[in-house]
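Protein chains: 2
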Amino acid sequence: MPKIIVEVMPKADLLDPAGKAVANALQRKGNAEITNVRIGKRIELHYEVAPTEEQIEAAKQIAADFLSNGVIEDVVAVTVEN
Amino acid sequence: MPKIIVEVMPKADLLDPAGKAVANALQRKGNAEITNVRIGKRIELHYEVAPTEEQIEAAKQIAADFLSNGVIEDVVAVTVEN
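Residue numbers (our numbering), protein chains in the order written: chain A, -15 to 66; chain B, -15 to 66.
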């Protein structure tokens, strides 16, 4: 099934308390090499047939306007997977 | 900065109410071509230096044991980004 994958992460200069908690837990478990953890979203849009160029553009717009909050998040990737 | 990206999605046979709500909203907005939406997690593990093979293996183990819940989620990808 064709998909468009949208990846959204909290902005770099923003605190990510959940990520920080995971980083601390991993360090306590002995993974000192992991300096930080950030937790974002991976959103799959499913299509019946492979999306057209126009639908891919629409998906990028949806990613920016609707699936992410531009104040606190960045869309880091929009990938088509047919 | 080197990263390992862990991608986690709800299992295919599991309901994803948030994803369903987004799919309904997108369809109402006129994107009838989007048949379904699934929302998962994208977790970045940050490293000071490029992770060794052993650290990559450890990260895969962390992804399976710690960053995902095997009952309801699948780790769909573990990618190194140097």
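Glycine included, each C-beta is placed from N, C-alpha and C at the ideal position.
As the structure is a computational prediction, the values presented were derived from the model and not from experiment.
- Taking 9 Å as the upper bound on Cβ-Cβ separation, chain A lies near residues Ala42, Ala43, Ile46, Phe50 and Leu51 of the segment 41 to 53 of chain B.
- Between the C-alpha atoms of B/Ala34 and A/Arg12 there is a straight-line separation of about 21 Å.
- At least one CB atom of chain A sits nearer than 8 Å to the CB of B/Glu17.
- Neighbours of B/Glu(-9) in chain A, taken as residues whose beta carbon is under 9 Å from its own, are Ile(-11), Glu(-9) and Arg26 in chain order.
- Secondary structure at A/Glu32: coil, using DSSP grouped into helix, strand and coil.
- As DSSP reads the structure, B/Thr63 sits in a beta bridge with B/Ile(-11).
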